[in-house]
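Asker:
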Amino acid sequence: MKTKKWLMMVLSVLLIGSILAGCGSKASDSGNTASGGESGNAAESGELKGHLVIWTFFDQVKDMADQFHAKNPGVTVDVKMFPGDQYQTKLLTALQSGRDVPDIFDLERGYIGKFIDSKFLTDLSAMGAEDLVKDYIPYVQELGRSQDGKLRAISDHSSPGGFWYQRDTAKKYLGTDDPDKISDMVSSWDKIVELGKKVAADSGGKVHMIQNTGDLFDIEAYNTQPWVKDGKLNIDPKWQTIYQTQLDIRKNNVDAKLPFMSAGWGNALNDGSVVLTSMPAWAGFMVDNKDDKAKGKYGVAKTPEGFYSGGTYRGIYDKSKNKDLAYEFIKYIASEEWQQHNLEKTGNMPGNSKVYEANLDTYKSPLFGDENVLKPYYETVVKIPAAKADKYGEDIMSKWRKVAGDGVTNNRSYDDVVNNFKKEVKNAFPELNVD
Amino acid sequence: MGSKVNRSFYGYIFVAPFFIGFAVFGLMPILYTLYLSFMKWDGFSDPVYVGLANYSRLLHDSFFYQTIGNTLIIWIMSNVPQLILSVLLALVLNERFIRGKHFFRAVYFFPHIITPVTLGVIFSLMFDWQTGTINKLLMSLGIIHDPVNWFNSPWWSRIIASGVICWQYFGFNMIVFIAGLQSIPREVYEAAEVDGATKKQTALHITLPLLRPVFLFVFITSVIGGLQLFDAPLMLGDGPGNSSRTMVMYLYETAFKNFDYSYGAAVAYGIFFVVMFFTAITAKASKLKD
Numbered sequence: 001m002k003t004k005k006w007l008m009m010v011l012s013v014l015l016i017g018s019i020l021a022g023c024g025s026k027a028s029d030s031g032n033t034a035s036g037g038e039s040g041n042a043a044e045s046g047e048l049k050g051h052l053v054i055w056t057f058f059d060q061v062k063d064m065a066d067q068f069h070a071k072n073p074g075v076t077v078d079v080k081m082f083p084g085d086q087y088q089t090k091l092l093t094a095l096q097s098g099r100d101v102p103d104i105f106d107l108e109r110g111y112i113g114k115f116i117d118s119k120f121l122t123d124l125s126a127m128g129a130e131d132l133v134k135d136y137i138p139y140v141q142e143l144g145r146s147q148d149g150k151l152r153a154i155s156d157h158s159s160p161g162g163f164w165y166q167r168d169t170a171k172k173y174l175g176t177d178d179p180d181k182i183s184d185m186v187s188s189w190d191k192i193v194e195l196g197k198k199v200a201a202d203s204g205g206k207v208h209m210i211q212n213t214g215d216l217f218d219i220e221a222y223n224t225q226p227w228v229k230d231g232k233l234n235i236d237p238k239w240q241t242i243y244q245t246q247l248d249i250r251k252n253n254v255d256a257k258l259p260f261m262s263a264g265w266g267n268a269l270n271d272g273s274v275v276l277t278s279m280p281a282w283a284g285f286m287v288d289n290k291d292d293k294a295k296g297k298y299g300v301a302k303t304p305e306g307f308y309s310g311g312t313y314r315g316i317y318d319k320s321k322n323k324d325l326a327y328e329f330i331k332y333i334a335s336e337e338w339q340q341h342n343l344e345k346t347g348n349m350p351g352n353s354k355v356y357e358a359n360l361d362t363y364k365s366p367l368f369g370d371e372n373v374l375k376p377y378y379e380t381v382v383k384i385p386a387a388k389a390d391k392y393g394e395d396i397m398s399k400w401r402k403v404a405g406d407g408v409t410n411n412r413s414y415d416d417v418v419n420n421f422k423k424e425v426k427n428a429f430p431e432l433n434v435d
Numbered sequence: 001m002g003s004k005v006n007r008s009f010y011g012y013i014f015v016a017p018f019f020i021g022f023a024v025f026g027l028m029p030i031l032y033t034l035y036l037s038f039m040k041w042d043g044f045s046d047p048v049y050v051g052l053a054n055y056s057r058l059l060h061d062s063f064f065y066q067t068i069g070n071t072l073i074i075w076i077m078s079n080v081p082q083l084i085l086s087v088l089l090a091l092v093l094n095e096r097f098i099r100g101k102h103f104f105r106a107v108y109f110f111p112h113i114i115t116p117v118t119l120g121v122i123f124s125l126m127f128d129w130q131t132g133t134i135n136k137l138l139m140s141l142g143i144i145h146d147p148v149n150w151f152n153s154p155w156w157s158r159i160i161a162s163g164v165i166c167w168q169y170f171g172f173n174m175i176v177f178i179a180g181l182q183s184i185p186r187e188v189y190e191a192a193e194v195d196g197a198t199k200k201q202t203a204l205h206i207t208l209p210l211l212r213p214v215f216l217f218v219f220i221t222s223v224i225g226g227l228q229l230f231d232a233p234l235m236l237g238d239g240p241g242n243s244s245r246t247m248v249m250y251l252y253e254t255a256f257k258n259f260d261y262s263y264g265a266a267v268a269y270g271i272f273f274v275v276m277f278f279t280a281i282t283a284k285a286s287k288l289k290d
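Line order of the protein sequences matches chains E and D.
Residue numbering for the first sequence is 1 to 435, as defined by UniProt numbering.
Residue numbering for the second sequence is 1 to 290, as defined by UniProt numbering.
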């Protein structure tokens, strides 16, 4: 009887133990990494030592860590990657609980505005970071600033966009494949509409000038006033002109009505049924370049106004015990050395103007043959107004996209669009003054 | 050991795993959500107590009422054809002398295995305005001249969303009905046959009445599941003027896109009451007949 009782006891303890162990092991594991590392006080002696933890959603950060490690063998960098949309929820949960938090974490353009004024980011200005960004593209450095003007996050790249075109399609419909000439031909939306009518007529409606009238949202989003000023919704009057242009584009069959990054959009980019595709420089993976068949096939022209799409920013956790070492890492990614390497290896555009300037006449990319592709990007990207990110900007922009996009499809008046838009904004952000 | 009721406490230990799991992953979130719904919290600053503010906002939120309507419409449009289809197929495939009935049962069940997200993506590609196969097909058959912008029409968006759900679940419900049919004793049918009842008469007067408990089960689960529609419609989008946005999609957008966790929590409780309400009605209606 006694043995039976014991057996029961042991069994049940094991059962419960195994459950608790299942829940607990993760926490204790990660606890190690968070507290690990004996901070970079070796900085004075010249060689850095320690351990850094970086959270990201972007796999190229691994190369960044490798390069940094190669330069500083005493530092081990642990990159944890969480791909997909859940990254920010995961990050926010960790930051809120204060457990298992990385030393450095990445923030994407889409939601940096929500984090930038939070208590989680270290003031990099106080650590001397102003010096790191003094040669930066204006918009790139400004996005990493909180409302009080202090640097909180730094990016190692810019993400300019341009019109990509297939050279033979351009020759056929525009009469030239020279990027400078095409940039002149499409230097305003009116010109694009006029040219687009011609392209549609010449091709019997089969070929379109641009992919989607919605591309104007991407291009104009950062060339207009911020959506919120002093707690009040602010609709830049420029949007009315833009909306009218979008209606004209749709009415005159200038666009192929293909949404950005959709399957049809990708096909059109590759088969040339659309003349100009507004593309961020980083989206080259959408081109089918199997066996180098797209080598030299494309050219890049300037868009009527410069634009960028996306961007990854890196900040230091305010309660990290490794701040000094983490700052060394930030310093490295802001350096010309890394950005040059990154440009050569991945084709990601630098954030530092000096790297642009050093490569303007020399950098070539296989897809674009002999064209100096940095030129069109650089010339437009430096002109993008420097604006801070706030917690509303991206969300309100996406509401505008939705409502105005719907308006274009159904040929609604601008007033209708604005009314519907205000309703949406008021609903999502009741604290804003909408009228 | 004792001869009567064994009150050994080990029993509790053996059932503990479930209850611990439920407390941690079920009860805690439910209570925490309730707590959050009385707060104002965006995930960045500390939560501030605001009392019933979130609920009064919810009561005045026309977007929320719209999502209730959308959900009901999509639910009715997906469930009515789905139930009819699955009962008819179950009756047919339950016949003793039908060839390949096992094959068909399996085939009809297949859509249920696919995840709703995948289905949503497949349907949104099929019904794409410019490049979708449906438009291409209709155009090459000469039925339409210009491609139809399906997702620009409120009713088409809802019909497509309902279609996806109907297509996904009719096979599952069919299997449930077949199981119900097989539990009806054969003697009843034999008696009917002896009395000279036609197939139609047996179906109407024997099979359907005896299937009532199964109907009830299917109906209640479909009320609960149908009102929580989320993944497939999410992939198909909000629709024009938010006409195919369901309640749970609204919850998701509020909490995880706008980072308004506290209002999201209130929306969650709003959904809870709506689902409770309709479940109660269903349960009541099914008892009335007794």
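Cβ coordinates follow ideal geometry from the N, Cα and C atoms, glycine included.
None of these values were measured; they are calculated from a predicted model.
(1) Which residues in chain E have a C-beta closer than 7 Å to the C-beta of residue 57/D? List them in chain order.
(2) By the DSSP assignment, the beta strand (DSSP E) with residue 211/E in it spans what residues?
(3) Here's the rule: buried if 16 or more other CB atoms are within 10 angstroms of the residue's CB, otherwise exposed. What is residue 283/D?
(4) Is there a C-beta anywhere in chain D that falls below 7 Å from the one on residue 118/E?
(5) Would you please verify whether the beta carbon of residue 43/D is less than 7 Å from any beta carbon of chain E?
(6) If you follow the alpha helix (DSSP H) that residue 70/E is part of, which residue opens it and which one closes it?
(7) Judging by CA-CA distance, which residue of 278/E, 202/E, 435/E, 119/E is the nearest neighbour of residue 212/E?
(8) Determine which residues share a DSSP beta bridge with residue 352/E and list them.
(9) Only counting the same chain, and skipping five residues up and downstream in sequence, which positions put a Cβ closer than 6 Å to that of residue 76/E?
(10) Tell me residue 280/E's beta-bridge partners as DSSP assigns them.
(11) Secondary structure at residue 252/D, three-state DSSP: helix, strand or coil?
(12) Check the Cβ of residue 129/D against every Cβ in chain E and list those closer than 7 Å, keeping chain order.
(13) For residue 92/E, would you say it is in contact with chain D, using Cβ-to-Cβ distances shorter than 7 Å as the test?
(14) Measuring only the C-alpha atoms, how far is residue 430/E from residue 246/D?
(15) How is residue 313/E classed by DSSP in three states: helix, strand or coil?
(16) Can you confirm whether residue 116/D, when its beta carbon is compared against all beta carbons of chain E, has any partner nearer than 7 Å?
(17) Closest to residue 217/E by C-alpha separation, out of 114/E, 304/E, 252/E, would be which residue?
(18) Residues of chain D with CB closer than 9 Å to the CB of residue 96/E, please, in chain order.
(19) Alpha carbon to alpha carbon, how far is residue 422/E from residue 326/E?
(20) Rounded to whole angstroms, what's the CA-CA distance from residue 336/E to residue 119/E? Just pull it up for me.
(21) Who are residue 51/E's beta bridge partners in DSSP?
(22) With H, G and I counted as helix, E and B as strand and the rest as coil, what does DSSP make of residue 276/D?
(23) Can you find a CB in chain D that lies within less than 7 Å of the CB of residue 277/E?
(24) Answer with yes or no whether the minimum CB distance from residue 433/E to chain D is below 7 Å.
(25) For chain B, is any of its Cβ atoms less than 7 Å away from the one on residue 113/E?
(26) Looking only at C-alpha atoms, which of 27/D, 31/D, 55/D sits nearest to residue 40/D?
(27) Do the CB positions of residue 33/D and residue 255/D come within less than 7 Å of each other?
(28) Compare the C-beta of residue 63/D against all C-beta atoms of chain E and say whether one is closer than 7 Å.
(29) Taking 7 Å as the cut-off, decide whether the C-beta atoms of residue 174/D and residue 90/D are in contact.
(30) Does any C-beta atom of chain D lie closer than 7 Å to the C-beta of residue 288/E?
(31) Along the alpha helix (DSSP H) that carries residue 333/E, what are the first and last residues, could you check?
(32) Taking DSSP as the reference, what is the three-state secondary structure of residue 52/D?
Answerer: On the basis of the supplied data:
(1) Per Cβ cutoff of 7 Å: 430.
(2) Where residue 211/E is concerned, there is no enclosing beta strand (DSSP E), given that its DSSP letter is neither H nor E.
(3) Looking at its Cβ environment, which holds fewer than 16 other Cβ atoms inside 10 Å, residue 283/D is exposed.
(4) Closer than 7 Å to the CB of residue 118/E there is at least one CB belonging to chain D.
(5) For residue 43/D, a Cβ of chain E is located within less than 7 Å of the residue's own Cβ.
(6) In the DSSP assignment, residue 70/E falls within the unbroken alpha helix (DSSP H) covering 61-71.
(7) It is 278/E whose Cα lies nearest to the Cα of residue 212/E.
(8) Beta-bridge partners assigned by DSSP to residue 352/E: 136/E.
(9) Apart from the 5 residues on each side of it in sequence, residue 76/E sits with its Cβ closer than 6 Å to the Cβ of 51 in its chain, given in chain order.
(10) Beta-bridge partners of residue 280/E (DSSP): 161/E.
(11) Residue 252/D falls in the helix class under three-state DSSP.
(12) Going along chain E in sequence order, the residues near residue 129/D (Cβ under 7 Å) are 257.
(13) Yes, residue 92/E lies at the interface with chain D (some Cβ there is under 7 Å from its Cβ).
(14) Their Cα atoms are separated by approximately 21 Å.
(15) Three-state result, residue 313/E: strand.
(16) Taking Cβ atoms only, chain E never reaches closer than 7 Å to residue 116/D, which makes this a no.
(17) When 114/E, 304/E, 252/E are compared, the shortest CA-CA separation from residue 217/E is found for 304/E.
(18) When 9 Å is used as the limit between beta carbons, residue 96/E is near these residues of chain D: 43, 44, in chain order.
(19) Straight through space, the alpha carbons of residue 326/E and residue 422/E are spaced by roughly 43 Å.
(20) Computed Cα separation, rounded: 30 Å.
(21) According to DSSP, which records beta bridges pairwise, residue 51/E is partnered with 76/E.
(22) It is helical.
(23) Nearest CB-CB separation between residue 277/E and chain D: not below the 7 Å threshold.
(24) Interface annotation, residue 433/E: not in contact with chain D, CB-CB separation never under 7 Å.
(25) Protein chains E and D are contained in the structure displayed, whereas chain B is not.
(26) Per the C-alpha coordinates, the member of 27/D, 31/D, 55/D positioned closest to residue 40/D is 55/D.
(27) Taking 7 Å as the cut-off, the beta carbon of residue 33/D is found no closer than this to the beta carbon of residue 255/D.
(28) True, the Cβ-Cβ gap to chain E drops below 7 Å.
(29) Yes. Within cutoff.
(30) So, not an interface residue.
(31) Annotation for residue 333/E: the continuous alpha helix (DSSP H) segment containing it runs 323-334.
(32) Coil.
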